[in-house]
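Following my numbering, the numbering of the sequence shown begins with 25 at its first residue and continues without gaps. Even for Gly, the Cβ is constructed at its ideal location relative to N, Cα and C. Written out below as structure tokens is the structure these notes cover.
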Amino acid sequence: MLSYLSNTPWLYETLFTFGDTRVTIFLILAVLFVVIVAIRFSNAVKKHVLPSVYSRYELDRGMQATFNTLFQYVVVALAILIALSSLGFNLTSLTVFASVLGVGIGFGLQNIMSNFISGLIILFERPVKVGDRIIIDETIADVEEIKMRATIVRTRANERMIIPNSFFLEEKFINRSYADTKLRISVEVGVAYDSDVRLVKQLIEESIKELNEEIWHNILADPEPRVFFENFGESSLDFKVWFWIDQQADEREFRIPSDLRFKLFEKFNAHDIEIPFPQRDLHLIQQEKE
Numbered sequence: 025m026l027s028y029l030s031n032t033p034w035l036y037e038t039l040f041t042f043g044d045t046r047v048t049i050f051l052i053l054a055v056l057f058v059v060i061v062a063i064r065f066s067n068a069v070k071k072h073v074l075p076s077v078y079s080r081y082e083l084d085r086g087m088q089a090t091f092n093t094l095f096q097y098v099v100v101a102l103a104i105l106i107a108l109s110s111l112g113f114n115l116t117s118l119t120v121f122a123s124v125l126g127v128g129i130g131f132g133l134q135n136i137m138s139n140f141i142s143g144l145i146i147l148f149e150r151p152v153k154v155g156d157r158i159i160i161d162e163t164i165a166d167v168e169e170i171k172m173r174a175t176i177v178r179t180r181a182n183e184r185m186i187i188p189n190s191f192f193l194e195e196k197f198i199n200r201s202y203a204d205t206k207l208r209i210s211v212e213v214g215v216a217y218d219s220d221v222r223l224v225k226q227l228i229e230e231s232i233k234e235l236n237e238e239i240w241h242n243i244l245a246d247p248e249p250r251v252f253f254e255n256f257g258e259s260s261l262d263f264k265v266w267f268w269i270d271q272q273a274d275e276r277e278f279r280i281p282s283d284l285r286f287k288l289f290e291k292f293n294a295h296d297i298e299i300p301f302p303q304r305d306l307h308l309i310q311q312e313k314e
């Protein structure tokens, strides 16, 4: 292999000069090789070494993803610097490159660098992390991966949204997992005006308790469920139910309210409590003929 490289002078022909350094095909290939090795090394460490460290210190998914990303950035950056230095590249020439890059950022790379820097800020400040449940423009999604330029989230429909990292620093969004995983669920129900409102309240409370004991076991006792007589509607007496669940990355926030409505419908029917529909009384006034 070495004899072959020594007999291929075209590998060492100067393509261009960078400061005091001659850039050759061999230099480019060597740096690419080192980068590939560094990436493979970092991936192997992330897969086989770091998980035991994470389990020892009980780090959550978001913190693990942050350390994984930063570890790979550092390994690749160090590998590139070491490779360039070993191959005789004058590292002081990087100051010139930085100046050229600054001009490039000003004219065409501003968005790319903005998203990259935003990604680093996200990794350190963690306004959003892997595993978080967020809401963007009324779309509920779970954060799957935070990359250099963009963050990948998965929606309820199992679709992936690619969101520029700068969005999370410049725009408003809801992070349900940021400080507290408890989520309040609200269910509204209307009953006929001739209903016994105390009985209605009792049946709603019983339904929540039975639902939690028989099926879900996920409705929290603290804060306790609450039933409000909300309003006198046009066609119904309106009640609102609040209860809390410990939010997880599943469909409980939709399935529990659905099951509660099924149970309320059955209990109301068993106690002859009517769920009304909008209606109007029409009065006809007949004028006397002259």
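Asked	Found
Looking at the structure shown, is residue 75 part of a helix, part of a strand, or coil, going by DSSP?	helix
Quick one: Cα of residue 57 to Cα of residue 101, how far?	14 Å
Rounded to whole angstroms, how far is the Cβ of residue 299 from the Cβ of residue 224, which I believe are closer than 8 Å?	Between residue 224 and residue 299 the Cβ distance is about 11 Å, and since that is not below 8 Å, they are no contact.
Residue 192 lies in the beta strand (DSSP E); which residues open and close that run?	Note, residue 192: premise wrong, no beta strand (DSSP E); alpha helix (DSSP H) at 191–194.
Below 8 Å on the Cβ atoms is my guess for residue 249 versus residue 229; work out the distance and round it to an integer in Å.	7 Å
Going by DSSP in three states, residue 165 sits in which element: helix, strand or coil?	strand
By how many angstroms is the C-alpha of residue 169 removed from the C-alpha of residue 105?	27 Å
Could you tell me which residues DSSP pairs with residue 41 in its beta bridges?	46
Using only CA atoms, which one of 166, 110 and 219 lies nearest to residue 183?	166
With a threshold of 16 other CB atoms inside 10 Å of the CB of residue 159, please say whether the residue is buried or exposed.	exposed
Based on Cα-Cα distance, which residue from 49, 89 and 180 lies nearest to residue 111?	49
Select from 162, 232 and 151 the residue whose C-alpha is nearest the C-alpha of residue 331.	Here the chain covers residues 25 to 314 and nothing more, so residue 331 does not appear.
To test your reading of the DSSP string, which unbroken beta strand (DSSP E) runs of 3 or more residues are found completely within the stretch 204–279?	206–215, 250–256 and 261–270
Nearest-angstrom Cα distance between residue 37 and residue 103?	24 Å
By how many angstroms is the C-alpha of residue 221 removed from the C-alpha of residue 255?	12 Å
When burial is assigned at 16 or more other CB atoms within 10 Å of the CB, is residue 88 buried or exposed?	buried
Counting pairs of Cβ atoms below 8 Å between the stretch 62–73 and the stretch 138–153, do you hit three or more?	no
Ends of the beta strand (DSSP E) at residue 159?	157–160
Where DSSP assigns a beta bridge to residue 184, which residues make up the other side?	178
Can you check which of these residues, 156, 33 and 53, is closest to residue 206 by C-alpha distance?	156
For residue 161, I'd like the list of residues in its chain whose CB is within less than 6 Å of its CB, leaving aside the five on either flank, ordered along the chain.	none
Buried or exposed, going by whether 16 or more other CB atoms sit within 10 Å of the CB of residue 187?	buried
CB-CB under 8 Å to residue 151, same chain, minus the five flanking residues each way: which ones, in chain order?	192, 193, 199 and 202
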